[in-house]
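*Asks:* Dumping the structure here so I can ask a few things about it.
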Amino acid sequence: MPNAILDPTGTVTSAAKPAAPRAPRLASLEGKRVGLLINTKRNARPFLDEVGRLLEDQYGVTVTKRTKVNFAVPEPEDVIKELVAENDVVITGVGDCGSCSAAAAADGVVLEAAGLPVAAIITDSFVPTADAMAALRGAPGYKYATTAHPVAVLTEDKVKERAAQVLDDVVALLVEPGQAEA
Amino acid sequence: MTAANTDRAAADDVVAAAPDPDEARRAIEYCYSRGWSDGLPLVPVSKPLLEEFLATTDRDPEEIIGSLEQVGKDVNVYLAAINAAMAGCKPEYFPVVLAAFEALLRDRAARGGGFQSTSGPSPLIVVNGPVRQQLGFNTAGGAFGPGFRPNATIPRAIGLLVRNGFGIHPHVLEQATQGLPGRWQVCLAENEEESPWEPLAENGGVTGGASAVTATLTRTMEFVDNRHAPNYEDVLRDFQDTISRVGSQIFPLSSVALVLCPEHAQMFADAGLSKQDVQNWLLERCGRTGAELTRMGKAEVARKSFRGEYEGDEAFHKFLAGPTSIPVVVAGAKNAAISMVVRIFGEWSGTSVAIGEKK
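Taken in sequence, the protein lines are chains A and B.
Mapping of the first sequence onto this note's numbering: position 109 corresponds to residue 109, and the numbering continues sequentially without gaps.
All you need for this note's numbering is the position in the second sequence, starting with 1, plus 1000.
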């Protein structure tokens, strides 16, 4: 009997949880509390500011803003708890790099499991890494919104244009009409 | 029988005694098919080979030696041994691999998103102490490789551990735009014999000439070929010019490792300079004005801190923060005055890791 060839790969441990649940969607955004989780990447703030402004105008939401502690890694547990306590939904982004796109997906999965609908926004160059991270976190097929890469080089007007373009996708991620209010 | 045929027959006898190449090929292809390879052939690892690696350390195979919280993966001594063996390390290199991995994970950027980054950073690993001779490291010419088994296989082991242990694969969780030449290939053994100064490990807190490893993630590198200037300050200005390049600067502060050839190091030492003197000379002078940075679309660099206030067009913006921003190593042959400026991805931890000895 020859020796077996040994497997050098690790097993998923600590942070990864099997089958993370997705939060129930809201029936409507009217009058809800929207948390913007801004990841500090270039143009992320004006992008999310504009998304927030449009939601205030169209749905009468209340917007609060928060900056990610470290764009490259998921938020710590205490921040997640505060986000859940203070908001009805969270919008995060803009994932436009390797680590920050993965982190946006990871934050989304963790917040969803804690009961909050999330719309993560990443640029379309980073779909594979966001998908891989979501799967690793127990949420294969996790849904998020995309906008064309790059965002960092856009002028102020173009950033606003992009925010307006992605708005319907963001709302669709958070709301399911006919859903009974929890 | 011709002479050539006689030689051929003798060679066939030797080959007949060697292991079965077709079996070796099947084992290598099996490793490829499992997605374990960095692109080059791997050494297929059996339990007896693994045992030889584990026998070189007192550490428990189950001991966790690295965790990447964001990907939810832990790496233990057992996995490190398999990946080191696959990389082509000899069992006796394993304590160096463990020390190198620990040293690298002390780098904040490596624990953060470094391995996933679009920059595609690569470790610079530096080995000091008697282990260099004991294991047959190249401490002389061609320091950046290739050609020497420990120098080539130890950084490859770290790369395989990141790929297989942490599960960070290209195009998936690894998002390098272009990456950089020499990724997972650089392990310098400092040329302590021709260095006029203390070894790097001593700057990292491992004293008494003990065997130790230092590591940090790097962005890119560029050499300074200055072999005709008799005046050391001219040579320092040449370094200043290279370090002050803007291309890789994206934050207000950056770091560079100076890998000096013996000739440059000895020239500075003969002029009475310590490592600290060289560092201080460069710290004061490396940088650009706000206007220069703005003209190159890098106004963000000319700020007091990350996202801080713009310092103004006239202000001279220094790139380097302090002595740990510019570790100095001596490596290579004393045959030409060619040194390397290695751009550090984030920031060196400022510490070195002693290589564990089995009791």
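Each residue gets a CB set at the ideal place from its N, CA and C atoms; glycine is no exception.
Take residue 1037/B and list the residues in its own chain whose beta-carbon comes closer than 7 Å to its own, dropping the five residues that flank it on each side.
*Replies:* Numbered from its first residue, the second sequence carries residue 1037/B at position 37. 1031.
*Asks:* Taking the beta carbon of residue 182/A as the centre, do at least 16 other beta carbons fall within 10 Å, making it buried, or is it exposed?
*Replies:* Sequence index remark: in the first sequence, residue 182/A carries index 182 (1-based). Caution is warranted here: a pLDDT of 48 is assigned to residue 182/A, below 50, making its placement in the model unreliable, and the coordinate value is therefore given only provisionally. The residue is exposed, with fewer than 16 neighbouring Cβ atoms inside 10 Å.
*Asks:* Beta-carbon separation of residue 1103/B and residue 1351/B under 9 Å?
*Replies:* By one-based count along the second sequence, residue 1103/B stands at place 103. By one-based count along the second sequence, residue 1351/B stands at place 351. Against a cut-off of 9 Å, the Cβ pair of residue 1351/B and residue 1103/B comes out as a contact.
*Asks:* Give me the DSSP bridge partner(s) of residue 1223/B.
*Replies:* Taking the second sequence and counting its residues from 1, one reaches residue 1223/B at position 223. DSSP output for residue 1223/B lists 1340/B as bridge partner(s).
*Asks:* For residue 10/A, which residues of its own chain have a beta-carbon under 8 Å away from its beta-carbon, when the five flanking residues on both sides are left out?
*Replies:* For the purposes of this step, residue 10/A is taken as the residue at position 10 of the first sequence. So no residue of the chain qualifies.
*Asks:* Taking contact to mean 3 or more Cβ pairs, one atom from each stretch, closer than 8 Å, check whether the segment 1094–1110 of chain B and the segment 1212–1229 of chain B are in contact.
*Replies:* Touching, per the Cβ criterion.
*Asks:* Using 10 angstroms around the beta-carbon of residue 1119/B, count the other beta-carbons present and answer buried if the total reaches 16, otherwise exposed.
*Replies:* Working through the second sequence from its first residue, we reach residue 1119/B at position 119. The residue is buried, with at least 16 neighbouring Cβ atoms inside 10 Å.
*Asks:* Which value, in whole angstroms, describes the spacing of the CA atoms of residue 1147/B and residue 1186/B?
*Replies:* Along the second sequence, read from residue 1 onward, the residue named residue 1147/B stands at position 147. Along the second sequence, read from residue 1 onward, the residue named residue 1186/B stands at position 186. Rounded to the nearest angstrom, the two C-alpha atoms are 12 Å apart.
*Asks:* Taking the runs of the beta strand (DSSP E) that are 3 residues or longer, which of them lie wholly in the segment 48–82 of chain A?
*Replies:* List check, beta strand (DSSP E) in window: 62–67.
*Asks:* Do residue 1290/B and residue 1312/B have their CB atoms nearer than 9 Å?
*Replies:* Start at 1 with the first residue of the second sequence, and residue 1290/B comes out as number 290. Start at 1 with the first residue of the second sequence, and residue 1312/B comes out as number 312. Yes, Cβ-Cβ distance for residue 1290/B and residue 1312/B is below 9 Å.
*Asks:* Does any residue of chain A bring its CB to less than 9 Å from the CB of residue 1073/B?
*Replies:* Counting from one through the second sequence, the residue named residue 1073/B turns up at place 73. Yes, residue 1073/B counts as interfacial toward chain A.
*Asks:* Answer yes or no: does any C-beta atom of chain A fall closer than 9 Å to that of residue 1218/B?
*Replies:* For this step, residue 1218/B is matched to residue 218 along the second sequence. Residue 1218/B does not count as touching chain A.
*Asks:* From the DSSP output, which residues share a beta bridge with residue 1329/B?
*Replies:* Translated into positions along the second sequence, residue 1329/B becomes position 329. For residue 1329/B, which the question treats as bridged, DSSP gives the partners 1259/B.
*Asks:* For residue 115/A, collect the residues of the same chain with a Cβ closer than 7 Å to its Cβ; drop the 5 residues on either side in sequence, then sort them by chain order.
*Replies:* Along the first sequence, one-based indexing puts residue 115/A at 115. Answer for residue 115/A: 23 and 84, listed in chain order.
*Asks:* Give me whichever residues DSSP pairs with residue 149/A in a beta bridge.
*Replies:* As a working mapping, residue 149/A is identified with position 149 in the first sequence. Note: residue 149/A sits in no beta bridge, so no partner.
*Asks:* What residues of chain A sit near residue 1281/B, judged by a beta carbon separation below 9 Å?
*Replies:* In the second sequence, residue 1281/B corresponds to position 281, counting from 1. What residue 1281/B touches in chain A: nothing, since even the nearest Cβ is about 34 Å away.
*Asks:* Measuring CA to CA, which of 47/A, 108/A, 82/A and 122/A is closest to residue 149/A?
*Replies:* Here residue 149/A refers to the residue found at position 149 of the first sequence. If we check each option's Cα against that of residue 149/A, 122/A comes out closest.
*Asks:* At 3 residues or longer, and completely inside the segment 1174–1256 of chain B: list those beta strand (DSSP E) runs for me, N to C.
*Replies:* DSSP runs (the beta strand (DSSP E)) wholly in the segment 1174–1256 of chain B: 1187–1189 and 1212–1225.
*Asks:* Comparing alpha-carbon positions, which option in 1225/B, 1019/B, 1079/B and 1110/B lies nearest residue 1347/B?
*Replies:* Taking the first residue of the second sequence as position 1, residue 1347/B is located at position 347. Considering only alpha carbons, the answer is 1110/B.
*Asks:* Are there three or more Cβ pairs, one per stretch, closer than 8 Å when the segment 1147–1156 of chain B is compared with the segment 1332–1345 of chain B?
*Replies:* Not touching, per the Cβ criterion.
*Asks:* So what's residue 1114/B in DSSP terms, helix, strand or just coil?
*Replies:* As a position in the second sequence, residue 1114/B is number 114, starting the count at 1. Residue 1114/B: helix per DSSP, three-state reduction.
*Asks:* According to DSSP, is residue 1277/B helix, strand or coil?
*Replies:* On the second sequence, position 277 is the one that residue 1277/B refers to. Helix, per DSSP.
*Asks:* Taking only three categories from DSSP, how would you classify residue 1358/B?
*Replies:* Residue numbering aside, residue 1358/B sits at position 358 when the second sequence is read from its first letter. If DSSP states are grouped into helix, strand and coil, residue 1358/B belongs with coil.
*Asks:* Residue 1001/B: buried (16+ other C-beta within 10 angstroms of its C-beta) or exposed?
*Replies:* As a first step, residue 1001/B must be located in the second sequence, where it is residue number 1. For residue 1001/B, the predicted model reports a pLDDT of 47, less than 50, meaning its position is unreliable; a value from the coordinates is still stated below. Exposed.
*Asks:* Shortest alpha-carbon distance to residue 1/A belongs to which of 1046/B, 1177/B, 1039/B and 1022/B?
*Replies:* Taking the first sequence and counting its residues from 1, the one referred to as residue 1/A is at position 1. Comparing Cα-Cα distances from residue 1/A to each of 1046/B, 1177/B, 1039/B and 1022/B, the minimum goes to 1046/B.
*Asks:* For residue 43/A, which residues in chain B fall below 8 Å Cβ to Cβ?
*Replies:* Your numbering for residue 43/A matches position 43 in the first sequence. Within chain B, no residue comes near residue 43/A; the closest Cβ sits about 12 Å away, beyond 8 Å.
*Asks:* For residue 1116/B and chain A, any beta-carbon pair shorter than 9 Å?
*Replies:* Locating residue 1116/B in the second sequence gives position 116, counting from the first residue. By this cut-off, residue 1116/B is an interface position.
*Asks:* Which residue marks the beginning of the alpha helix (DSSP H) containing residue 1048/B, and which one marks its end?
*Replies:* The count along the second sequence starts at 1 and reaches residue 1048/B at position 48. It spans 1047–1054 - the alpha helix (DSSP H) in which residue 1048/B sits, taken as one unbroken run.
*Asks:* Using a Cβ-Cβ distance under 9 Å, would residue 10/A count as near chain B?
*Replies:* Counting from one through the first sequence, the residue named residue 10/A turns up at place 10. So, interface residue.
*Asks:* Note down, in chain order, all residues in the segment 82–110 of chain A with a beta-carbon under 8 Å from any beta-carbon belonging to chain B.
*Replies:* The segment 82–110 of chain A vs chain B, Cβ under 8 Å: 97, 98, 99, 100, 101, 102, 103 and 106.
*Asks:* Leaving out the 5 sequence neighbours to the left and right, which residues in its chain are closer than 7 Å to residue 1155/B when beta-carbon positions are compared?
*Replies:* By 1-based counting over the second sequence, the position of residue 1155/B is 155. For residue 1155/B, where only same-chain residues beyond five positions count, the Cβ hits under 7 Å are 1123, 1125, 1184, 1185, 1186 and 1187.
*Asks:* Can you list the residues of chain B that residue 6/A reaches, using a CB-CB cut of under 8 Å?
*Replies:* Counting from one through the first sequence, the residue named residue 6/A turns up at place 6. Those within 8 Å of residue 6/A in chain B are 1045, 1046, 1047, 1050 and 1082.
*Asks:* Using 8 Å as the Cβ pair cut-off and three pairs as the minimum, do the segment 1220–1238 of chain B and the segment 1296–1307 of chain B touch?
*Replies:* Segments in contact, no.
*Asks:* Which residues of the segment 1021–1032 of chain B have a Cβ closer than 8 Å to any Cβ of chain A? Give them in chain order.
*Replies:* Those residues of the segment 1021–1032 of chain B that come within reach of chain A (Cβ to Cβ, closer than 8 Å) are 1027, 1030 and 1031.
*Asks:* With a cut-off of 8 Å on the beta carbons, I'd call residue 997/B and residue 8/A a contact; round off their distance for me.
*Replies:* Given a span of 1001 to 1359 for chain B in the structure shown, any question on residue 997/B remains unanswerable.
*Asks:* Using a beta-carbon distance below 9 Å, is residue 126/A in contact with chain B?
*Replies:* Here residue 126/A refers to the residue found at position 126 of the first sequence. Chain B contact via Cβ: present.
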